[in-house]
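Okay, so here's the structure we're looking at.
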Amino acid sequence: MKKISLCPQQILRYRRGGKPLFVSEPHAGDAAPPCGACGGARTFELQLMPALVSLLRRRRRREEEEEEEEEEEEEEEEAELEFGTVLVYTCRSSCWTRGPDSGSGPGSGPAVEEFCLVQPDPDQHLFK
Numbered sequence: 001m002k003k004i005s006l007c008p009q010q011i012l013r014y015r016r017g018g019k020p021l022f023v024s025e026p027h028a029g030d031a032a033p034p035c036g037a038c039g040g041a042r043t044f045e046l047q048l049m050p051a052l053v054s055l056l057r058r059r060r061r062r063e064e065e066e067e068e069e070e071e072e073e074e075e076e077e078e079a080e081l082e083f084g085t086v087l088v089y090t091c092r093s094s095c096w097t098r099g100p101d102s103g104s105g106p107g108s109g110p111a112v113e114e115f116c117l118v119q120p121d122p123d124q125h126l127f128k
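The numbering of the sequence shown is the UniProt record's numbering, which starts it at 1 and goes up by one.
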């Protein structure tokens with residue numbers, strides 16, 4: 001958390017092969033599983049930072065205020081977006097699956113599902 005507090009407005013960190021900044025101590029079961037396409041190891045690539053939640057909330061409030069001025073509609077219940085950080089791990093080999101019409105070169109097939117680890121905001125319970 002000390003490193004995150006040095007630049008609290010940061011919303012995204014990108015560093016393929018780097019080290020993520022955890023908001024709480026990771027659990028033993030939080031390790032990224034092998035790639036679903038090639039079975040190889042995954043590596044950290046990027047993370048969404050806590051400041052993104054505040055930014056999206058401000059934007060949503062602005063949009064709601066603009067909508068209220070235009071017309072009143074039925075209220076739709078939306079899921080709350082809450083997280084401490086989202087860590088994205090990708091295949092270390094950058095592999096792609098190969099479809100029947102995709103040829104044989106790397107990157108010629110559909111995208112591969114990657115792994116995201118969501119750490120909850122450790123203070124989330126204080127705001128409910």
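Every residue, glycine too, gets a C-beta built ideally from N, C-alpha and C. Nothing here was measured: the structure is a model prediction, and the numbers come from that model.
Residue 117 holds the alpha-carbon nearest to the alpha-carbon of residue 28 among 83, 117 and 86.
Relative to the Cα of residue 90, the nearest Cα in the group 46, 19 and 23 belongs to 46. An exposed status is given to residue 56, since fewer than 16 other beta-carbon atoms sit within 10 Å of its beta-carbon.
The beta carbon of residue 9 sits closer than 6 Å to those of 51, all from its chain and outside the five residues before and after it, given in chain order. Inside the region 17-55, DSSP marks whole beta strand (DSSP E) runs of 3 or more residues at positions 42-48, from first to last along the chain. Under the three-state reduction of DSSP, residue 92 is assigned to coil, being neither helix nor strand.
Rounded to the nearest angstrom, the Cβ distance from residue 115 to residue 32 is 5 Å, consistent with a contact under 8 Å.
Shown here, residue 15 sits in coil according to DSSP, grouped into three states, outside any helix or strand. As DSSP reads the structure, residue 119 sits in a beta bridge with 85.
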